[in-house]
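These notes concern the structure reproduced below.
4 protein chains.
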Amino acid sequence: MASNSFGQVFRVTTWGESHGPRIGCVVDGVPPRIPISEDEIQHWMDRRRPGTSRYTTQRREPDRVSIVSGWFEGMTTGTPLAMTVENVDQRSRDYDDLSSVWRPGHADYTYDVKYGIRDWRGSGRASARETAMRVAAGAVARKVLGETIVIRGAVVQIGPHAIDRSAWDWEETGRNPFWCPDCAMASRWADHLDSVRKEGSSAGAVIEIRASGVPAGLGSPVYGKLDSDLAAAMMSINAVKGVEIGDGFALASAPGTEAADEMRSGGNGPQFLSNRAGGILGGISTGEELIVRFAVKPTSSIFHERRTVTNEGQDTTVRVTGRHDPCVGIRAVPVGEAMMACVLADHLLRHKAQCG
Amino acid sequence: MASNSFGQVFRVTTWGESHGPRIGCVVDGVPPRIPISEDEIQHWMDRRRPGTSRYTTQRREPDRVSIVSGWFEGMTTGTPLAMTVENVDQRSRDYDDLSSVWRPGHADYTYDVKYGIRDWRGSGRASARETAMRVAAGAVARKVLGETIVIRGAVVQIGPHAIDRSAWDWEETGRNPFWCPDCAMASRWADHLDSVRKEGSSAGAVIEIRASGVPAGLGSPVYGKLDSDLAAAMMSINAVKGVEIGDGFALASAPGTEAADEMRSGGNGPQFLSNRAGGILGGISTGEELIVRFAVKPTSSIFHERRTVTNEGQDTTVRVTGRHDPCVGIRAVPVGEAMMACVLADHLLRHKAQCG
Amino acid sequence: MASNSFGQVFRVTTWGESHGPRIGCVVDGVPPRIPISEDEIQHWMDRRRPGTSRYTTQRREPDRVSIVSGWFEGMTTGTPLAMTVENVDQRSRDYDDLSSVWRPGHADYTYDVKYGIRDWRGSGRASARETAMRVAAGAVARKVLGETIVIRGAVVQIGPHAIDRSAWDWEETGRNPFWCPDCAMASRWADHLDSVRKEGSSAGAVIEIRASGVPAGLGSPVYGKLDSDLAAAMMSINAVKGVEIGDGFALASAPGTEAADEMRSGGNGPQFLSNRAGGILGGISTGEELIVRFAVKPTSSIFHERRTVTNEGQDTTVRVTGRHDPCVGIRAVPVGEAMMACVLADHLLRHKAQCG
Amino acid sequence: MASNSFGQVFRVTTWGESHGPRIGCVVDGVPPRIPISEDEIQHWMDRRRPGTSRYTTQRREPDRVSIVSGWFEGMTTGTPLAMTVENVDQRSRDYDDLSSVWRPGHADYTYDVKYGIRDWRGSGRASARETAMRVAAGAVARKVLGETIVIRGAVVQIGPHAIDRSAWDWEETGRNPFWCPDCAMASRWADHLDSVRKEGSSAGAVIEIRASGVPAGLGSPVYGKLDSDLAAAMMSINAVKGVEIGDGFALASAPGTEAADEMRSGGNGPQFLSNRAGGILGGISTGEELIVRFAVKPTSSIFHERRTVTNEGQDTTVRVTGRHDPCVGIRAVPVGEAMMACVLADHLLRHKAQCG
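Chains as they are written, first to last, in this note's numbering: chain A, 1 to 356; chain B, 1001 to 1356; chain C, 2001 to 2356; chain D, 3001 to 3356.
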C-alpha cells in the first residue's frame, strides 16, 4: 500500500527512480510565508552531491533543484511545495548485465519477489538516489525550524576505526571529505578507504546526527515518540542496520546508578547534569541536545565475485563494476541530517497543534 | 496530535494509565472469521504479567483480559476488537511523595513540560503498564499470521553480561525467569541481579526477537520499510534506547567482502548462505529469519538518592521506593514479541492489499 | 482495513456493538488542561438517549458515560481520553428470528457478504447505537472549541413536510420532541408520525446543523477541505443518503448573478451580504455561519411484510417487530451536532499546526 | 497540515498551481505489473481538456500527460507513479487587476485569511486546473479496477433544466458537448447557456456518476464507509455544494414502505428489486449499480459588477473578464468519474487487505 510519504503535519512524499528522467518530492503542510529560495535548498543538496571526492561515486550529477509549486514571490504559500531534480548522468548500460541477476546485499531479489517486476537500471527505486529528495525536503524543514535549532552530522566510525570523541571538533567536519570531527582519524580513514578500494572491497560506517536548540516538549507518546519516529526515519535510509539514541546500546551494560541523567535547577528551567539519554525521555525532548547514531553497512556493490542466483533460479556469480561509493556511509550524513530536520519540523507542528 | 495508534491496515490503539480503573486497546482491521478465545490471549498476557519471579516487580496484577467487541460466537467479526484489563493492585499512595518531583530518567519532567499536567500516580500514561495492551494486541496479530510464522524472544544480555551465542537453546528460555537461551548465563544473571538489588541499583538488557516462517516480500519501501517499522515499534517500548537488525552495528566494521549474504538456488527459491542482514533487504523480507535486537536502559527507579528538581524549580533529591523491576528488560521480551507480531500482521495485510 | 477512526489531530476511534457488554470510544489528541466532567458529557448524551418520547425507540438505555483514561483532577491530560457506556436494555431474543434473514434496507446482507460473519443481535456494529459514542466525543470536541463557537441542530423536514424557514425559532427546538424550529410544523409532524406508526411504516427526515462563531480560515485544501470532511462525517451517520452545504442542490439552478455572496468591509474584516455558500469557500471557512444539511432515509425496520432472501439464498418475507424509531432522523440531530463539533475541533487544531 | 493526498492503500497526492510551470500528482500504492500507457491516460485527460467546445473555457491547454516514475517497460512497478502536465497557456496578466481584490464566490478571501499569502494568478492552487491531475490518477485507478467495472458520468441538470430520466441514453452523452444523456435536453441547454453567456452570467449543474460491475462488499464501516468516502471525494471538487447517493434527498420524503429495496434470490446471489439505495447499504456496496450525484454552483467569475472588498479592506466592485467556463459543471463530469474510480480502487485494495 501507499508508503512513500512520511510525517503527519509536515509530510514528505518522494517519487522517482535512479534512471528515470527525474526524481522529485512533495512537501505538504509547510507553514505559509516562509521566505525560501532554490539557492538555499541547493546549498544542502550540494553537500550530498556525488562526485565531490574520490571517496564517493564518480557519477556526475549536478543535482540542481527546482521548486515547481507552493512558492510565490519567494515565499511558501502553504500549498504543496513540489521540487524536482533532473537525472543527468545515467548510464543504464552499466546495468545491462545485472538485469537478470540478484546482487547479494542489494534489494534486487526482494523487489522481484514482492512486485514481480523490477526496474533494474541503477537499482531503480531502491537506489540511494532517492535520498537526494530527502535532502531537499530537509532544507525546507530547516527553514520551518528556524535558526535556533541547529542540526549537524558527522561520521564517527568507518570500518573498524572509530574516532576519539575527546578530539571532536565540529569545524573539522568541513575540512575533510569524510565529515570526520577528529582530524587525526580523517587521515587514517583516507588510508583505510584507499586500501579498501584497491582490494575492490567496501566499508561500513557509523553516523551521528545532533540537534541543538530543540525545545523541551516535542514528541508524541506513545506511538509517535520522538525517538520512535527518529528510529523509523534513520532506519529508512538505504543500508542502515541500526539506530541508537544517546548512549544507546552502551546503556544496556551501564549500572542503574549511572544511567539516568540527574537534574539541577537552572536559569531557564531545569538543567541536566549529563545527557546519556540523548535528549529524549518518555519519547519527548528534554531540551538537551538530541543525539542519534546509525550504522551503515558496507556498500554491497564490490569488485569481487560473489555467489548468487539469476532471476530464473540458476546459480551464478556476480562481480559488480561501475561507479560506486566505497563507503556509502559518508554521503549518508546530509541525509541523516535531513531526516532529523523533517522529523523535528513535523513534531514542532504536531506539538503546536495539540499543546500550542 | 493523535499518536496512540500504530499500524495501517492492522491498527492498534491503546489507552489507559497505570492507576486508572482499567487499560484497554482497540485492534482495528482484524480479518474476520478468525477463531480466537480470551484464553488464547491470556496465554500471552501471562508471560508478561508482573510478580512472577523475584526479578520482576511485586505489583500483583492478574491482568485478566476481556474481549468487549468485535467478537461473535468465538470468532473475529472484522469490526473493532476491543479489549480491557482491570487495574487491581494500584497503590497510589506509594507515589504521593513523587507528585511534585521529577524523577531522573523518567518521563516526569517531559510530560509536565509538554502537557502542563501529569498523572503522577505510577507514571500515568508513561508507565510500562501500557505495554500489557500491546501484548493483548500481539496475541491477535499472531492469530492473523497463522502458525507457520513463529515469533520468539530472548534476553541476550543483562548488564555487562552477554550470552554465549553458540550455547543458544530456545527450550532454555522457558526454564529460567530471564528468557535466557544460554543455561550457564542464566545463573550468572541471577547472581548479578541479586547483587544489583542488594545495592538498590538496577540493570539494563539487550533483547532479541526472531520471527521464522516469514514469507519473502513483506515490507513497503521507502517509508514503510519493514525494518523502519520494526525500529519504530521497538523504540516505542518504554526504556528502549537502541534497535538493530541482523548484525546491526557490527556491520559497520565488517569488510564489504563479508557483509552481504550470498545466495544459491534451493528447492523453494533462492537460499541465503548466511543471514547477516537479519532477513531484510531494501526494507523487504527475504524469507530468512527476521532478527531484531533492542537495548533497554536500566530501570530508572532506584533506591539511591539522586539529584533532581521539583516541579516548582527547587533543587532536591529523590530516592524511589516502592515495587520496581530491577531489570525492566526482562518483561520487555513478550512486549517485543508482540510488537514484532503486530508489525508483521500489518505488513502481511498491506502486502495482500497491493500485491496479493 | 482499519477504518473506525476519524479526524487527524483530534481523532476519535469508536468500538462496540449493539448487544455487546458495552460500547466505547478513544478520543486522541485532546489538548491538555481542559476542565471537563462526566456530567458535562452526560448532558449531551441525554439529548440523544432513546426512550425519551413516543417518537423514538422504547429501548431503555440510561447511556451513562464513564471517563476511564486521559483525565486527572478534573482535567484532560493530553493522553487518550477513553469513555465507555454500558449496554443495559439488550433484548437479543427480539432478533432471534432475524439471524438468518437479510432485512431490506439494512446492512445485514452487505456485512455478511463482506465479512462472511455477522453479529445479528440488534444489527451489531451497524446499529445506530454506535452513534452514542460520537455524541460523547462531540462533547469533548465542544470543550476544545470553547464557548464562542455554538453548534446547534434542527430537523427541517419529516416525510414530505418541510418547515417554514421564516418561522425559524431556535428556542422552539427545545420545546417539542422533534428538534423542530417551527412551532406550527411540530404539531403537524406529531400527527404525521402518529399515522405513520399506526400504518406500521416509518418516515425520513432532513436535518440541519449550524455552527456560529467559527473563525475564518479553517479547512485544509484540497483533500481536507472543511466541506469535504463535513460531508464524510455526516454521510457516515447511519441512514444518511445526502449532504449539502449552504444552499446546496438549490445552487445548481440559481443564476450566476445570484449565487455568489457579495462582500462589504465591516468592523471585523469583510462581511458577507448573504450566506448561500454556507460559510465555506474553497474548502475554507469564511467566518459566516456554517450550514450543513443531511437527508435521512426512513427507518428500514417496519411492520410490513417485505420480500427478501435468507442467508442461505431462499426467498422469504420479513416483517420486523421490536422497538424501533419511527423516524431515525430525529435522534440524528445530536449526532450531527457531534460530528460537526469533532470536524471543527480537528480543523481548529490542524490550522494551529500549520498556520497558528 | 498535510492535506493534499486522498485514499489509504491507493493514495493520490496532487501538487501545482494554475500558473506555475507545471502540475503533477503521485499515485502511490498502485499494484505492480499493470500494463498502462501514456496514451491510455491521455484518453481520459482529453475528455476534461478545456477549449473543446464553446461552452467551456477558451484557455488552450494540450494537457499532455507524462509518466515520470513508477513505470518500466510499459507496466507499473508498484513504486510511486508520478505524472506531470505542463501549463502552457497561462495569461497571468489577465489576473493583474485581481491581485488585491477578493472575487465573490471564489476562494480568494479564504486563502488570504488562512495563509496570509495567495498566488492570485489564475486562482493558484484553488483553480480547477488541479482537477486535471485527478483525471490522470483516475485513469490509473480504472486500470486497477479492470474492465468489468464501468464508470460513467452525465450532466443531469443545467441551471433549472433537468433531464427527462426516462429518455436516458448513455450513447447520447458522447454526441453533445454537455455529457447530456437526454437528446432533447441537450439542445435546450445549448440555448440556455448561449443566453447565459450573452447576459455575462453563468449556470450551475447537477452531475451523476454511475459505476456498474462493482462487487458487493466494498466499503469499510464505520468511518471509511463507501458513501462517506464518495461524499468526501465529490465534495472536494471545486464548486461542489451537495452530494447524494441513490435517491438521496428524495428518500427523506419517501414513505418507509417504499424506501427500502426488496430482494429476491438470483442466479448470482441475491438480487435487488429496485436500487433506491444507490448500491450502498451500511456503507458497503450491494453489487447494484453505484449512483452518486453532486451539485455544482454556477461559475463565480461573471461579467457583472459585484460588490466586494480589497485585501486592504476597502469597499470596491469587481467584474471578472478573461476566459471562463459558463458552466463549470460540464467539465466536472470526467473529474467526478475519476474520483469515483480512485475511491473504488482504494476500497478494492482495502477490501483485499482485510477480507481478501
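Glycine included, C-beta positions come from ideal geometry on N, C-alpha and C.
Inset, instruction - Quick one: give me the first and last residue of the alpha helix (DSSP H) that glutamine 354 of chain A is part of. - result: Here residue 354 of chain A is taken as the residue at index 354 of the first sequence, counted from 1. 328 to 355 is the extent of the alpha helix (DSSP H) around glutamine 354 of chain A.
Legend entry - Of the residues C:Thr2013, C:Met2185 and C:Pro2177, the one placed nearest alanine 2167 of chain C, counting alpha carbons only: Taking the third sequence and counting its residues from 1, the one referred to as residue 2167 of chain C is at position 167. Out of C:Thr2013, C:Met2185 and C:Pro2177, C:Met2185 has the C-alpha closest to the C-alpha of alanine 2167 of chain C.
Inset, instruction - Out of A:Gly287, A:Gly356, A:Trp179 and A:Phe72, state which residue places its alpha-carbon closest to the alpha-carbon of glycine 336 of chain A. - result: Sequence index remark: in the first sequence, residue 336 of chain A carries index 336 (1-based). Cα-wise, what sits closest to glycine 336 of chain A is A:Trp179.
Inset, instruction - Could you name the residues of the stretch 3035 to 3069 of chain D whose beta carbon sits closer than 7 Å to any beta carbon of chain A, in the order they occur along the chain? - result: Val3068 and Ser3069
Legend entry - Element boundaries [alpha helix (DSSP H), containing threonine 2131 of chain C]: By 1-based counting over the third sequence, the position of residue 2131 of chain C is 131. Taken as a continuous stretch (DSSP letters only), the alpha helix (DSSP H) holding threonine 2131 of chain C covers 2131 to 2145.
Legend entry - Coil, strand or helix - cysteine 1183 of chain B by DSSP: Walking along the second sequence from the start, residue 1183 of chain B turns up at place 183. Cysteine 1183 of chain B carries a helical assignment under DSSP once its states are collapsed to helix, strand and coil.
Legend entry - Proximity test, Cβ basis, 8 Å: methionine 3133 of chain D and chain A: As a first step, residue 3133 of chain D is located in the fourth sequence; it is residue number 133 there, counting from the start. Interface flag for methionine 3133 of chain D against chain A is unset, since no Cβ pair is found closer than 8 Å.
Legend entry - Cut-off 6 Å between Cβ atoms - residues of its own chain near threonine 1077 of chain B, not counting five sequence neighbours on either side: Residue numbering aside, residue 1077 of chain B sits at position 77 when the second sequence is read from its first letter. Residues Pro1032 and Gly1070 of the same chain have their beta carbon placed closer than 6 Å to that of threonine 1077 of chain B, with the five preceding and five following residues left out of the count.
Legend entry - Chain-ordered residues of the stretch 3148 to 3180 of chain D with a beta carbon less than 7 Å from chain C: Within the stretch 3148 to 3180 of chain D, the residues whose Cβ lies closer than 7 Å to some Cβ of chain C are Gln3157, Gly3159 and Pro3160, listed in chain order.
Legend entry - First through last residue of the alpha helix (DSSP H) which encompasses leucine 3226 of chain D: As a working mapping, residue 3226 of chain D is identified with position 226 in the fourth sequence. From DSSP, the alpha helix (DSSP H) with leucine 3226 of chain D extends over 3226 to 3235.
Legend entry - Uninterrupted alpha helix (DSSP H) stretches inside the stretch 3058 to 3102 of chain D (no shorter than 4 residues): none
Inset, instruction - Could you list the residues in the stretch 3240 to 3254 of chain D with a C-beta less than 9 Å from some C-beta on chain C, going in chain order? - result: Under the 9 Å Cβ criterion, the stretch 3240 to 3254 of chain D contributes Val3240, Lys3241, Gly3242, Val3243, Glu3244, Ile3245, Gly3246, Asp3247, Gly3248, Phe3249, Ala3250, Leu3251, Ala3252, Ser3253 and Ala3254.
Inset, instruction - With DSSP as the reference, please indicate the residues paired to glutamate 262 of chain A in a beta bridge. - result: Position 262 of the first sequence, counted from the first residue, corresponds to residue 262 of chain A. Glutamate 262 of chain A pairs with nothing; no bridge assigned.
Legend entry - Residue span of the beta strand (DSSP E) that contains valine 3156 of chain D, given as start and end: Position 156 of the fourth sequence, counted from the first residue, corresponds to residue 3156 of chain D. Its beta strand (DSSP E) spans residues 3150 to 3158.
Inset, instruction - Would you identify the three-state DSSP class for serine 2300 of chain C, choosing helix, strand or coil? - result: Counted from its first residue, the third sequence places residue 2300 of chain C at position 300. DSSP places serine 2300 of chain C in coil when its eight states are reduced to three.
Inset, instruction - Check valine 3240 of chain D in the structure and name its three-state DSSP category. - result: On the fourth sequence, residue 3240 of chain D is found 240 positions in, with the first residue counted as 1. Note: valine 3240 of chain D maps to strand in three-state DSSP.
Legend entry - leucine 2273 of chain C - DSSP class collapsed to helix/strand/coil: Numbered from its first residue, the third sequence carries residue 2273 of chain C at position 273. Leucine 2273 of chain C: coil per DSSP, three-state reduction.
Inset, instruction - Closer than 9 Å by beta-carbon distance: list the chain C residues that pair up with proline 326 of chain A, in chain order. - result: For the purposes of this step, residue 326 of chain A is identified with residue 326 of the first sequence, where counting begins at 1. Here the premise fails: no neighbours, minimum Cβ distance about 43 Å.
Inset, instruction - Compare the beta carbon distance of valine 1026 of chain B and valine 2026 of chain C with 8 Å and say whether it is the shorter of the two. - result: Counting from 1 along the second sequence, the entry for residue 1026 of chain B is found at position 26. Counting from 1 along the third sequence, the entry for residue 2026 of chain C is found at position 26. Cβ distance < 8 Å, so valine 1026 of chain B and valine 2026 of chain C count as in contact.
Legend entry - Residue from C:Ile2245, C:Asn2004 and C:Met2133 whose Cα sits closest to the Cα of isoleucine 2067 of chain C: Stepping through the third sequence from its first residue, residue 2067 of chain C is reached at position 67. Answer by Cα proximity: C:Met2133.
Inset, instruction - Could you tell me the distance, in whole angstroms, from the CA atom of alanine 2277 of chain C to the CA atom of methionine 1 of chain A? - result: Position 277 of the third sequence, counted from the first residue, corresponds to residue 2277 of chain C. Position 1 of the first sequence, counted from the first residue, corresponds to residue 1 of chain A. Alanine 2277 of chain C and methionine 1 of chain A: Cα-Cα distance of roughly 37 Å.
Inset, instruction - Give the residues of chain A in contact with proline 2031 of chain C, contact being defined as C-beta atoms less than 7 Å apart. - result: Along the third sequence, read from residue 1 onward, the residue named residue 2031 of chain C stands at position 31. The contacting residues are Gln354 and Cys355.
Inset, instruction - Whole angstroms is fine: what's the gap from isoleucine 3207 of chain D's alpha carbon to cysteine 1342 of chain B's? - result: Within the fourth sequence, residue 3207 of chain D is the residue found at index 207, counting from 1. Within the second sequence, residue 1342 of chain B is the residue found at index 342, counting from 1. Taking the straight line from one Cα to the other gives about 44 Å.
Inset, instruction - Look up threonine 3317 of chain D in the DSSP assignment and say whether it is helix, strand or coil. - result: Position 317 of the fourth sequence, counting from 1, holds the residue named residue 3317 of chain D. Correct three-state label for threonine 3317 of chain D: strand.
Legend entry - Interface residues of the stretch 212 to 224 of chain A facing chain B [CB-CB below 9 Å]: Taken in chain order, the members of the stretch 212 to 224 of chain A whose beta-carbon sits within less than 9 Å of a beta-carbon on chain B are Pro215, Ala216, Gly217, Leu218, Gly219, Ser220, Pro221, Val222, Tyr223 and Gly224.
Inset, instruction - Please report the residue range of the beta strand (DSSP E) in which tryptophan 1044 of chain B lies. - result: By 1-based counting over the second sequence, the position of residue 1044 of chain B is 44. Taken as a continuous stretch (DSSP letters only), tryptophan 1044 of chain B belongs to no beta strand (DSSP E), being part of the alpha helix (DSSP H) at 1038 to 1048.
Inset, instruction - Assign arginine 1104 of chain B to one of two classes, buried (16 or more other C-beta atoms within 10 Å of its C-beta) or exposed (fewer than that). - result: Against the second sequence, residue 1104 of chain B aligns to sequence position 104. Before going further, note that residue 1104 of chain B is proline rather than arginine in the sequence given. So proline 1104 of chain B ends up on the buried side.
Inset, instruction - Give the residues of chain A in contact with valine 2012 of chain C, contact being defined as C-beta atoms less than 8 Å apart. - result: Against the third sequence, residue 2012 of chain C aligns to sequence position 12. Taking a Cβ-Cβ threshold of 8 Å, none of the residues of chain A is close to valine 2012 of chain C; the smallest such distance is about 15 Å.
Inset, instruction - Check the Cβ-Cβ distances between glycine 122 of chain A and every residue of chain D, and say whether any is below 8 Å. - result: For the purposes of this step, residue 122 of chain A is identified with residue 122 of the first sequence, where counting begins at 1. Output row for glycine 122 of chain A: interface = no.
Inset, instruction - List the residues of chain D whose Cβ lies closer than 9 Å to the Cβ of glycine 138 of chain A, in chain order. - result: Taking the first residue of the first sequence as 1, we reach residue 138 of chain A at position 138. Simply none; closest approach about 16 Å.
Legend entry - Nearest-angstrom Cα separation, counted from arginine 1210 of chain B out to alanine 1338 of chain B: By 1-based counting over the second sequence, the position of residue 1338 of chain B is 338. By 1-based counting over the second sequence, the position of residue 1210 of chain B is 210. Cα to Cα, the separation comes out at about 11 Å.
Legend entry - Beta-bridge pairing of threonine 310 of chain A - partner residues as DSSP gives them: Along the first sequence, read from residue 1 onward, the residue named residue 310 of chain A stands at position 310. According to DSSP, threonine 310 of chain A bridges with A:Val101.
Inset, instruction - Give the interface partners of valine 9 of chain A over in chain C, defined as CB-CB distance under 9 Å, in chain order. - result: In the first sequence, the residue the question calls residue 9 of chain A occupies position 9. Result: Gln2008, Val2009, Arg2350, Ala2353 and Gln2354.
Legend entry - Secondary structure of valine 3113 of chain D, DSSP reduced to three states: To locate residue 3113 of chain D, count along the fourth sequence from 1; it is residue 113. Three-state DSSP puts valine 3113 of chain D in a helix.
Legend entry - glycine 267 of chain A versus glutamine 1314 of chain B - alpha carbon distance: Here the question's residue 267 of chain A lines up with position 267 in the first sequence. Here the question's residue 1314 of chain B lines up with position 314 in the second sequence. Roughly 12 Å separates the two Cα atoms.
Inset, instruction - Count the other CB atoms, across all protein chains shown, that sit within 10 Å of the CB of serine 3228 of chain D; report buried if there are 16 or more and exposed otherwise. - result: Reading the fourth sequence from its first residue, position 228 is the one you call residue 3228 of chain D. The residue is buried, with at least 16 neighbouring Cβ atoms inside 10 Å.
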